[in-house]
Structures are given as structure tokens and as C-alpha cells.
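Residues 3 to 549 in our numbering are what the sequence shown lists, from first letter to last.
Take a look at the structure below.
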Amino acid sequence: MGNASSIEPTKTIFLDIDGKKEKIMFSRHCGTRDIHDLIAHAAGVSRYAEISLKDSTGAFVSLNPTMPINTQSSPYKVTSKEPSPTTESSNGDGEVFTQVLSQVASQFNKVFKVEEIKTDIATRLSALERKMELEGLKAVEIEKCKRDISDIKDQIWNAQKKFVDFNRLSNETQADSGETQTPRPVYVGNTVDHFYSSLSDERKISLKRDVPSYPKYTLSQETIEYLKQPTFDIWHWEPNEMLSLLEHMFHELGLVAEFNINPITLKRFFLCVQENYRNNPFHNFRHCFCVTQMMYGMIHLCHLWEVMTREDLGILMTACVCHDLDHPGYNNTYQINARTELAIRYNDISPLENHHCAVAFKILSNPECNIFANVDKDTFKRIRAGITMLILATDMARHGEIMDNFKMKLEPEFDYKNKDSLDTLKMVLIKCCDISNEVRPMEVSEPWVDCLLEEYFNQSDREKMEGLPVAPFMDRDKVTKPTAQIGFIKFVLIPMFETVAKLFPVIDSTMVEPLRIARDRYEDMKEKNSMPPPPSQSNKKKTVTEK
């Protein structure tokens, strides 16, 4: 079924660059940026150019280490677009920041004619970048630079607030006059907030397609059974295949019949969901599929249809599909510390999870994508409340609260007929699936650790640049793969899955035992990494002589 081969140390990808065939090779340990730069070099464009890949069917291919391999006869077609000229910068991050700053300033100029603000800010920022380059910059000078940058951010914030107020007034005026209103982009927060934490593109959410662009796949019986297993290898499947597998899950569980879903609407829903997952190293569409497949596996493993209604199963599966929609790649801590639009909008309370819910129901508000269009109002009200409850439960800040509540409901006996108890069980189930990578075999789980660390390091690098607090487990100078996983497995995963196993004993052998094996493997890895290298022969001779 799958077109990709097993995970190998090196990948070879064939490219078609304006009719010229090229070949690139990279390690699975390479980051997305490394692969982007490699293709940019092969295409003869700058490393800041926008690059996209299409396969032989015209489908876009995700540019990351997990991209499917191809053959020389079916290369990926490369399309590149150079960025517009920006203020010169001495490093990549500075150039990106200046580029975004230029775009925002251009929008202000159209409304308020504030060219002088744009020029002043760009000049000051360029001067700061040159100043930061000087070797041996004193601590007092660094602090002054931070204050200057903070002043610039405050200026942008104030200017953007005026821009938002103007947009709101303009839209209200159009409404009063009966004119047709065109949606306007509204940018709140500083420039960095918009670039890294903006809301989904409205065009993606409201996208309508008469014919789904991915083909119909016929699944073998072997694949159908394999899909129900926690050991399922999610790296072997291309995006279009994952879409078909998601369709199969909804049909096989009886959800299409339960909610009277139009099959074409189901296809459009999954397509729209896929387009609203960003190309992050970890929080991407493949992670969405991974979590949904694990929930599908747990439903079959624990025979959940015996204790839950099909409506409950539909809520569980749909919540998994939507649980990280439009994730910006920077966690709640960053959103709150950086005072992003999301943090302000949701008052620092689970800003990302609230945003995932909002995007999910924005997609469902489109009749072309609304898989619940044929249910009655009361049913939809229950579905909406259930999906919202489950997505909000994936905020790890609530982990202790939810687990304590679940443990209380296990004593003396769990009551499946009690709504509050059943809701708590569903919250624990989606939490298990969301962080279940280490349940899978090592060759499936370990690449996810690399992806997660890459996303963590991206965030900590930005936090250092912006003078924000940095979590030790995200700092590339402090964390290693074993140290990142051992504590998480020992104190979060194993206790949580052991608690679920009290309700479903089959979990102990199929999920808890693999977690114990993963814990032992990382502890061995940590011990080997901490062992000093063996002494050389010259050192041995010297030791004997000294004695």
C-alpha cells in the first residue's frame, strides 16, 4: 500500500528544475531548513526563496525529512520564488524579520500614509543588527539593544491597533451603507506575532472543491487489519494515502452512516483539515493522522463500542483529526510570554487549544465541509460541546487535574452510565493518543523525537533572540534525546497508561510494556553517552610509568 520505504539513514530525492533533472541526498536527521537550502542551491536560487514541490499527479509534497522518496522517472517538480527586496541584513533571521516588517509597514502606509514610520523603524532595526554583530559586545550594550527592540515593538503594536480600529470602522460603515463587504486581513500583535502565530488563511478554511484531488485507494485486507494496531508505521504513507485511510476509519466505525455524512463532504472535510495544518517539524498533518490512527486502534483494542455510543466514537475521532489545527509551532508558554494575538484573544487560557477548536468549527461552518450537516440541532450541540471539551483537554497544563479526576472515578468502580465519568474517560483517551509515539516500535517513534526536538529548538532560539524565558527541556545547549524522553516516559506516559490499563487490562501488554522498553532503551543510551572514552595507549603507558 505505502509507496515509501522503511526509514533509512540517507534519503535520495529526484528533482525536475525547469526541465533539468537533479538529485539530492540527505540524512533523516537533517532539518526542514537544511533540505530547503539544499534544493535552493540545486535550483540556483537564494536560500530565502520560497520553494514548493509537486509530484507527478500535481499534488504538493511536504518539504521535510519525512517526505516520500521518489524515482528518477517520477521526479518532484520544483517551483521557486525569490522574496521581494528588503533592507540588507547580516543574517537569515534578521532578513526575515525585516521582510515581514516591510510588508506590515506597507499596509500601514496605504491607510495612514506613514512612510516616515516605516523608514525610521527599518533604519533603527538595521542599525541594531549591525551593532549586535560586533564581537565582544558588552552586557550593558546588549541590554540597551533589547530596550530599543522593545520600543520598536511597542511602536508597531500601537500602529497596528490603529489599523485594526480603522478596518473595523470601515467594515461597519460598509455594512450600514449596504455595500458588499470584502473580508479584510486584521493583524493584531507585533510583527513577529503575525509571522509565526497568525490565524489560518481564510481562503484555506472556506476553500470549496467540486472534485476531490486525491485518488481512491483500494485497501488490502492486510492493511485494514494493520491499521487497527498500535504498531502501525505511519511513516510509510503519503498524504493522499493518509486521507484515504482516514476515510476508511470513519466508514468502518459506522460514523458515515451514524451522522448521515455525504461521502464527498467527508472528502472535502479531510482535504480542508489537511490544508489547515502547517508544515511544522512535529505539529503537522502527519501528527494529526498519527493521533487519529492511535485512537482508532484503541477503539478496536478496548472494544469501546461496547461502552460508548457511535456518537461518542465520532466525537473522539473528529477531535483527534482537529486537535492541532493551524498549530504555529510555538507552544502556549511562548504565546503567553510573547503576548501574541492568540494569548490576548483567549486571555492566556489554553490559547492554542482554543484556537484549534475555533479553526475546526470554522471549517465545519462551511456547508461544503460540514460532516455534521445532516444531524439535528440537539445532536450537533452535543457534538460541538464534546469536540471542544476533548481538544481543550490536550493542553498538558491540565494533565494533573484530568488524571486526578479520572483516578477518583475509578474507585470503587467506574460508572459508564455517568456522563461526567464517561467525559473524563474520553479526555484521558485523547490525551493518551496525543502523546502516544513511544508506544510504537522504536523505528517509528524515534524519528518523532527528532522532529519534536527540532520544533523545541526553533522555539528556544527565538525566545533567546526576543529575550523571553527559555525552558531547559527546549534548550539545544542543555537537552539530549535521552534526557528529553526518560522523565516524560517515567512520570507522564507510564503512570497515565497504567491507570487506563486498570479499566482495560489489554493496555498493559500492548502499550505499557512497550513504554517500559522505551524507558530502558533511553536510560541505556544516556548511560553510554555519559561514559568517558577509553584511555589511549599512550595514556596507559604513562599511567604504568607513574606507578
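Don't be surprised by glycine CBs; every beta carbon is placed ideally from N, CA and C.
Item to check | Beta carbon of cysteine 359 nearer than 9 Å to that of threonine 390 | outcome: Judged by their CB atoms, cysteine 359 and threonine 390 are nearer to each other than the 9 Å cut-off.
Checklist entry - DSSP state of threonine 14, grouped into three classes? => result Here threonine 14 sits in strand by DSSP.
Item to check | Beta carbon of proline 484 nearer than 9 Å to that of aspartate 235 | outcome: No.
Next on the checklist: At the level of alpha carbons, what is the spacing between glycine 299 and leucine 229?
Outcome noted: Distance between the alpha carbons of glycine 299 and leucine 229 is about 7 Å.
Item to check | Between the CA atoms of isoleucine 37 and methionine 27 - distance to the nearest angstrom | outcome: One C-alpha to the other measures close to 9 Å.
Next on the checklist: The beta strand (DSSP E) that contains serine 462, what's its start and end?
Outcome noted: From DSSP, serine 462 is part of no beta strand (DSSP E) but of the alpha helix (DSSP H) over 444-468.
Next on the checklist: Taking the alpha-carbon of glutamate 456 as reference, which of Thr34, Asn439, His329 and Lys25 has the nearest alpha-carbon?
Outcome noted: Per the Cα distances, Thr34.
Checklist entry - What's the gap between the Cα of glycine 60 and the Cα of isoleucine 338? => result Near 40 Å, if we compare the C-alpha coordinates of isoleucine 338 and glycine 60.
Checklist entry - Which same chain residues, not among the five before or five after lysine 433, have their C-beta less than 8 Å away from its C-beta? => result Closer than 8 Å at Cβ, skipping near neighbours: Ala395, Thr396, His401, Ile404 and Met498.
Item to check | methionine 410 classed as buried or exposed, judged by whether at least 16 other C-beta atoms fall within 10 angstroms | outcome: Flag for methionine 410 reads exposed.
Next on the checklist: For threonine 14 and lysine 23, which I take to be in contact (beta-carbon distance under 8 Å), what is that distance rounded to the nearest angstrom?
Outcome noted: In fact, because the Cβ distance is near 13 Å, the residues do not count as touching under 8 Å.
Checklist entry - Once you ignore the five residues that flank leucine 454 on each side, which residues in its own chain have a CB closer than 7 Å to its CB? => result Answer for leucine 454: Phe284, listed in chain order.
Checklist entry - In its own chain, which residues sit with a C-beta less than 8 Å from the C-beta of asparagine 407, not counting the 5 before and 5 after it? => result So the qualifying residues of the chain are Thr426.
Checklist entry - Residues in its own chain within less than 8 Å of glutamine 587 by CB, not counting five upstream and five downstream? => result Past the edges of the chain, shown from 3 to 549, lies residue 587, and the structure says nothing about it.
Next on the checklist: For a quick check, are the C-beta atoms of isoleucine 263 and asparagine 368 less than 9 Å apart?
Outcome noted: Their beta carbons are not under 9 Å apart, which means isoleucine 263 does not touch asparagine 368 by this criterion.
Next on the checklist: With H, G and I counted as helix, E and B as strand and the rest as coil, what does DSSP make of valine 63?
Outcome noted: It is a strand residue.
Item to check | Contacting residues, own chain, Cβ-Cβ under 8 Å from phenylalanine 416 (five flanking each side not counted) | outcome: Here the set comprises Ser423, Leu427 and Leu505.
Checklist entry - What residue does the beta strand (DSSP E) around serine 246 start on, and which one ends it? => result Run containing serine 246: none in the beta strand (DSSP E); it sits in the alpha helix (DSSP H), 241-254.
Checklist entry - Roughly how many angstroms separate the alpha carbons of alanine 44 and glutamine 276, rounded to a whole number? => result C-alpha separation (whole angstroms): 29 Å.
Checklist entry - Does the Cβ-Cβ distance between methionine 296 and methionine 319 come in under 9 Å? => result At the C-beta level, methionine 296 and methionine 319 stay beyond 9 Å of one another.
Checklist entry - Where does the unbroken alpha helix (DSSP H) through methionine 319 begin, and where does it stop? => result That run of the alpha helix (DSSP H) goes 312-324.
Item to check | Contacts around cysteine 324, its chain only, beta-carbon distance under 6 Å, and the 5 residues preceding and following it disregarded | outcome: Counting only Cβ-Cβ distances below 6 Å, and skipping sequence neighbours, we find Ala362.
Checklist entry - Helix, strand or coil for tyrosine 50 per DSSP? => result DSSP places tyrosine 50 in the coil class of the three-state scheme, outside both helix and strand.
Checklist entry - Going by C-alpha distance, which of Ser462, Asn372 and Ala321 is nearest isoleucine 393? => result When each option's Cα is compared against that of isoleucine 393, the closest is Ala321.
Checklist entry - Which residues in the same chain as phenylalanine 287 place their Cβ atom closer than 6 Å to its Cβ, once the five residues preceding and following it in sequence are excluded? => result Setting aside the 5 residues that flank it on each side, phenylalanine 287 is surrounded in the same chain by Gln276 and Tyr279, each with a C-beta closer than 6 Å to its C-beta; the list follows chain order.
Item to check | Three-state secondary structure (DSSP) of glutamate 224 | outcome: Residue state, collapsed to three classes: helix.
Checklist entry - To which residues of the same chain is valine 309 closer than 6 Å at the C-beta, ignoring the five residues directly before and after it? => result Non-local C-beta neighbours of valine 309 in its own chain, meaning closer than 6 Å and more than five positions away in sequence, comprise Tyr418, ordered along the chain.
Item to check | Between the CA atoms of glutamate 84 and lysine 210 - distance to the nearest angstrom | outcome: Annotation note: pLDDT 41 at lysine 210 (below 50); position unreliable, coordinate value reported separately. Approximately 29 Å, taken between the alpha carbons.
Next on the checklist: Tell me the rounded alpha-carbon separation between leucine 221 and arginine 347.
Outcome noted: Between leucine 221 and arginine 347, the C-alpha separation is close to 44 Å.
Item to check | Residues near aspartate 39 by beta carbon distance below 8 Å, same chain, minus five either side | outcome: In the same chain as aspartate 39, and ignoring 5 residues on each side of it, the C-beta atoms closer than 8 Å to its own belong to Arg49, in chain order.
Item to check | Cα-Cα separation between asparagine 242 and histidine 250, rounded to whole angstroms | outcome: Looking at the backbone, the Cα of asparagine 242 and that of histidine 250 are separated by about 13 Å.
Next on the checklist: Tell me the rounded alpha-carbon separation between serine 462 and histidine 357.
Outcome noted: Here the alpha carbons of histidine 357 and serine 462 stand approximately 22 Å from one another.
Next on the checklist: Whole angstroms are fine: how far does the CA of alanine 124 sit from the CA of isoleucine 440?
Outcome noted: First, the amino acid is wrong: residue 440 is glutamate here, not isoleucine. Those two C-alpha atoms are separated by around 47 Å.
Item to check | Cα-Cα separation between phenylalanine 291 and alanine 129, rounded to whole angstroms | outcome: One C-alpha to the other measures close to 46 Å.
Item to check | Alpha-carbon to alpha-carbon, methionine 467 and lysine 383 | outcome: Straight-line Cα distance between these residues: approximately 44 Å.
Next on the checklist: Among the candidates Val502, Val514 and Gly489, whose CA atom is the shortest distance from the CA of tyrosine 524?
Outcome noted: Out of Val502, Val514 and Gly489, Gly489 has the C-alpha closest to the C-alpha of tyrosine 524.
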